[in-house]
Amino acid sequence: MRLQDNKCLDCERLVGPKGGKGRCQVCNQRLRRAAAKANPKPCTRPRCKRVITVPGYDVCDMHRARFRRTGDYGPAEQLIATDGEGSVNKNGYRVLMFGTWPNRVDIYEQRLVMEQQLGRPLEDWEHVHHKNGVRDDNRPENLELWAQWRRQPFGQRVEDLVEFVAGYYQEELEKRGWRRPDGQESPPVRT
Ligand SMILES: [Zn+2]
Ligand SMILES: [Zn+2]
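In this text, residue positions in the sequence shown follow the working numbering: the first is 406, and each later residue adds one.
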């Protein structure tokens with residue numbers, strides 16, 4: 406049989422002499438991928454719960470990518486932690502990652518710790534300072550809340566500054582004996 410008589414069942418390509426089941430390589434690969442997707446096999450790494458998405462491999466995408474990157478399959482767990490393990494970034498801060506690319510959100514651990522201490526989310530202008538200068542030491546006692554309002558800590562109208570402090574740091578003021586003029590309790594109403 407001449408090669409050009411042997412067209413793929415699904416497309417215009419010619420099928421080689423070995424011609425897998427009447428289809429060209431491209432179509433066969435597409436079918437294999439679809440079959441793998443429809444009936445996923447589990448990753449063969451111990452305790453890994455992911456599935457194989459690329460036919461011809463016996464491990465999941467994560468393990469395949471990790472082996473390519475490091476030459477080692479490593480543990481079953483994701484090494485980029487999603488639930489509070491985190492890692493130290495190149496600037497020395499501990500960062501926690503939530504979700505997966507492209508929806509991944511990185512959050513500085515010191516901000517989360519401070520938010521837990523305060524019982525409220527941090528504002529954009531609030532920064533968390535490491536008292537001992539060790540950037541990955543996020544013990545609550547090592548953290549201090551700093552505020553940089555509109556990136557201009559100096560040169561604000563006093564009236565604006567008072568409004569600002571009274572509006573956002575009532576709990577701190579109350580610790581120093583200040584009382585809300587309306588007699589209400591914290592938590593304050595933020596504007
Ligand atoms: Zn084809
Ligand atoms: Zn796996």
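Glycine included, C-beta positions come from ideal geometry on N, C-alpha and C.
- Ranked by how close their Cα comes to the Cα of alanine 441, the residues Pro451, Val459, Asn433 and Gly427 have Val459 in first place.
- Taking 7 Å as the cut-off, one finds no heavy atom of ligand 2 near enough to the beta carbon of valine 459.
- Per the coordinates, the alpha-carbon of phenylalanine 569 lies some 53 Å from the alpha-carbon of arginine 473.
- In this structure, the straight-line span from the alpha carbon of leucine 419 to that of arginine 437 is close to 19 Å.
- In the three-state DSSP reduction, aspartate 541 falls in the coil class, being neither helix nor strand.
- Residue range 466-475 is occupied by the alpha helix (DSSP H) that includes aspartate 466.
- In chain order, the residues that have a beta carbon nearer than 7 Å to some heavy atom of ligand 2 are Cys448, Arg450, Cys453, Arg455, Val464, Cys465, Met467, His468 and Ala481.
- The closest heavy atom of ligand 1 lies 7 Å or more from the beta carbon of arginine 437.
- Judged by their CB atoms, tryptophan 506 and histidine 534 are not nearer to each other than the 8 Å cut-off.
- Distance from the C-beta of valine 510 to the nearest heavy atom of ligand 1 is not below 7 Å.
- The beta carbons of asparagine 433 and glycine 421 sit about 11 Å from each other, so the pair does not count as a contact at 8 Å.
- In the structure shown, the three-state DSSP call for alanine 439 is helix.
- Just so you know, the alpha carbons of glycine 476 and arginine 469 end up roughly 10 Å apart.
- Taken atom to atom, the span from the alpha-carbon of valine 518 to that of aspartate 466 is near 33 Å.
- Glu482 is the residue among Glu482, Lys536 and Tyr573 whose C-alpha sits nearest the C-alpha of cysteine 453.
- Within the same chain, and ignoring the five residues on either side of aspartate 463 in sequence, the residues whose Cβ sits closer than 6 Å to its Cβ are Thr449.
- Those residues that bring their Cβ nearer than 5 Å to a heavy atom of ligand 1 are Cys413, Asp415, Cys416, Arg418, Cys429 and Cys432.
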